Amino acid sequence: MKSLLYSCQYIDGNDIDEVVKVLKSDWITQGPKIGEFEAALCEYTSAKYSVALSSGTAALHLSLLTLGIGKGDKIITSPITFSASANCALYVGARPLFVDIDDKTYHLDIEKLKSFLKVPSNRKGVKAIVSVHFMGTVADIAEMKKICDRYGISIVEDAAHALGAAYKFKDKWIKVGRCEDSKATIFSFHPIKQITTGEGGALLTNDKKIYKSALRLRHHGIVRSSKKPWSYDIPQVGFNYRITDFQCALGISQLKKIDKMINIRRRIVGYYNESLRKVEGIRLPYEREGTNASYHLYVIRMQRGRRDKLYSYLKENNISTQVNYIPLHLLSYYRNLLGYRRGDFLVSERYSAECLSLPLYVGLSRRDQSKVIKRVREFFQ
Ligand SMILES: Cc1ncc(COP(=O)(O)O)c(C=O)c1O
187 MKSLLYSCQY
197 IDGNDIDEVV
207 KVLKSDWITQ
217 GPKIGEFEAA
227 LCEYTSAKYS
237 VALSSGTAAL
247 HLSLLTLGIG
257 KGDKIITSPI
267 TFSASANCAL
277 YVGARPLFVD
287 IDDKTYHLDI
297 EKLKSFLKVP
307 SNRKGVKAIV
317 SVHFMGTVAD
327 IAEMKKICDR
337 YGISIVEDAA
347 HALGAAYKFK
357 DKWIKVGRCE
367 DSKATIFSFH
377 PIKQITTGEG
387 GALLTNDKKI
397 YKSALRLRHH
407 GIVRSSKKPW
417 SYDIPQVGFN
427 YRITDFQCAL
437 GISQLKKIDK
447 MINIRRRIVG
457 YYNESLRKVE
467 GIRLPYEREG
477 TNASYHLYVI
487 RMQRGRRDKL
497 YSYLKENNIS
507 TQVNYIPLHL
517 LSYYRNLLGY
527 RRGDFLVSER
537 YSAECLSLPL
547 YVGLSRRDQS
557 KVIKRVREFF
567 Q
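Residue numbering for the sequence shown follows this note's numbering, starting at 187 and increasing by one per position.
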């Protein structure tokens with residue numbers, strides 16, 4: 187019997203038609219669909235500029251590079267995130283530091299950040315916070331900015347999980363990605379995200395310098411001469427972080443139905459919440475007041491020790507789940523490089539031992555979701 191997936195892309199006939207059109211055209215890369223996709227992302231988020239890239243990881247890398255972060259500098263992120271949120275610092279020769287998560291939101295704990303930055307030796311060399319909108323719930327970037335402004339620290343929003351998430355800003359609903367309080371926001375278009383381009387990502391910013399620099403770095407650092415059309419220079423080493431036109435065609439087509447897809451995700455989350463609320467031993471995800479999550483993940487928590495058993499029980503019943511994530515400071519590379527130890531970030535460690543992501547994706551039928559709920563309830567009875 188085929189296992190129920192924990193996540194999966196949603197691709198319809200229109201998406202396929204749009205990709206095929208590009209495949210039959212003269213430009214399958216470096217063509218017009220890239221600018222079109224970038225314009226659509228700007229329109230959707232209200233950010234001024236957007237650079238479409240080959241992955242969310244590339245977008246994080248370019249965010250730090252365009253902010254001028256390099257050797258000897260430091261960034262801060264939370265231990266509960268995908269490795270790319272910290273690796274981007276290592277790519278530019280900087281050092282990632284961690285501050286623990288808040289036990290309710292699972293975002294970087296702002297009070298702990300405040301205490302950490304109060305100590306001059308801690309904040310020495312810290313140039314940016316990579317703040318993760320974990321699960322697609324919205325982190326409090328405005329509050330974070332108040333602290334960061336005191337010390338001249340920039341904010342990069344890692345919104346790999348959060349395209350389409352919204353929050354109230356001056357009594358208006360705005361989308362994550364508008365970069366109201368940050369220098370840049372990154373998205374990922376990996377298949378299990380809110381929209382997909384296969385692999386892909388984007389950097390959004392309101393800063394023209396960051397935008398221009400990211401455009402150059404995406405394509406080897408090449409600067410074209412305005413005098414001779416064939417002439418160019420490379421003033422700074424860049425990369426091949428380009429995305430193809432057929433990927434962008436998929437992205438444009440997906441973006442047209444994103445709100446519908448997020449409503450479906452929220453409906454699935456609503457059904458989980460309603461069905462699991464009264465089950466003793468489960469803690470449900472938390473959504474801050476004045477925010478509207480776009481739910482990349484649905485994470486429940488339970489007593490330490492029960493999680494592994496629930497994972498196995500669901501697997502025996504052909505239901506796939508996932509642990510998002512093992513704290514970064516416990517992975518051997520970070521331990522060895524940065525000297526972190528078990529016990530350094532207790533909230534993250536406890537969370538990680540207690541969390542499980544249940545299946546959540548647009549194509550998850552009510553019938554299949556009911557099966558998941560039935561098995562979870564059975565387990566806790
Ligand atoms: C929080 C977070 N940041 C960054 C990334 C990197 O995105 P990509 O896989 O598109 O490189 C991911 C990927 O899942 C992620 O979960």
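Even glycine gets a Cβ: it sits at the ideal position worked out from N, Cα and C.
Here the structure is a predicted model, which means the values were calculated and not measured.
Name the two residues that bound the continuous beta strand (DSSP E) containing S317.
V312 to V318
At 3 residues or longer, what runs of the beta strand (DSSP E) sit wholly inside the region 337–391?
Listed in chain order, they are 340–344, 352–355, 358–361, 370–374 and 387–391.
Among all the DSSP beta bridges, which residues are the ones paired with T215?
T430
Would you please state the rounded distance, in angstroms, between the beta carbons of F284 and S301? I believe it to be under 8 Å.
Not quite, the Cβ-Cβ distance comes to about 14 Å (not below 8 Å), so this is no contact.
Can you tell which of K379, Y192, F375 and Y353 has the C-alpha that lies nearest to the C-alpha of C365?
Looking at K379, Y192, F375 and Y353, the one whose alpha-carbon comes closest to that of C365 is Y353.
Could you give the C-beta distance for A238 and F223, rounded to a whole number, given that I count them as a contact under 8 Å?
5 Å
Determine whether the beta carbon atoms of R428 and L248 lie at a separation below 9 Å.
no
Quick one: what does DSSP say S236 is sitting in, helix, strand or coil?
strand
How would you label M187, buried or exposed, when you count the other beta carbons within 10 angstroms and need 16 or more for buried?
exposed
Can you tell me which of V205, T323 and C334 puts its alpha carbon nearest to the alpha carbon of V312?
The shortest C-alpha to C-alpha distance from V312 to any of V205, T323 and C334 is the one to C334.
Over what stretch of residues does the beta strand (DSSP E) that includes T267 continue unbroken?
Secondary structure note for T267: it is in no beta strand (DSSP E), with a DSSP letter that is neither H nor E.
Starting from S461, trace the alpha helix (DSSP H) both ways and give me its first and last residue.
I444 to L462 is the span of the alpha helix (DSSP H), which, as asked, contains S461.
First through last residue of the alpha helix (DSSP H) which encompasses R487
It is not in any alpha helix (DSSP H) - R487 instead sits in the beta strand (DSSP E) that spans Y484 to R487.
Please state whether the Cβ-Cβ distance between V342 and A370 is less than 9 Å.
The answer is yes: Cβ separation under 9 Å.
Can L246 be considered in contact with ligand 1, in the sense that its beta carbon sits closer than 8 Å to one or more heavy atoms?
Yes, Cβ of L246 sits closer than 8 Å to a heavy atom of ligand 1.
Beta carbon of G199: closer than 8 Å to some heavy atom of ligand 1?
no
Out of P545, K358, I396 and Q567, which one is the CA nearest neighbour of V558?
Nearest option by C-alpha distance: P545.
Where F566 falls, given that 16 or more other Cβ within 10 Å makes a residue buried
exposed
If you reduce the DSSP assignment to three classes, tell me which class P306 lands in.
helix
Beta carbon of E564, beta carbon of R493: below 9 Å?
no
Under 8 Å: do the region 381–388 and the region 504–512 share three or more Cβ pairs, one atom per stretch?
no
Closest to Y537 by CA distance: which of R469, R453 and V362 is it?
R469
Using only CA atoms, which one of Y192, S193, L209 and L191 lies nearest to C434?
L209
Give the list of continuous beta strand (DSSP E) stretches no shorter than 3 residues that lie fully inside the region 514–552.
541–544
What's the C-alpha gap between Y277 and L294?
Their Cα atoms are separated by approximately 22 Å.
Taking 9 Å as the threshold (C-beta atoms), are A388 and V362 in contact?
no
Sub-9 Å separation of I408 and I396 beta-carbons:
no
Taking a contact to mean a Cβ-Cβ separation below 9 Å, would you say W213 touches K219 in this structure?
Yes, the Cβ-Cβ distance between W213 and K219 is below 9 Å.
Residue closest to N308, alpha-carbon to alpha-carbon, out of D259, D201 and N200
D259
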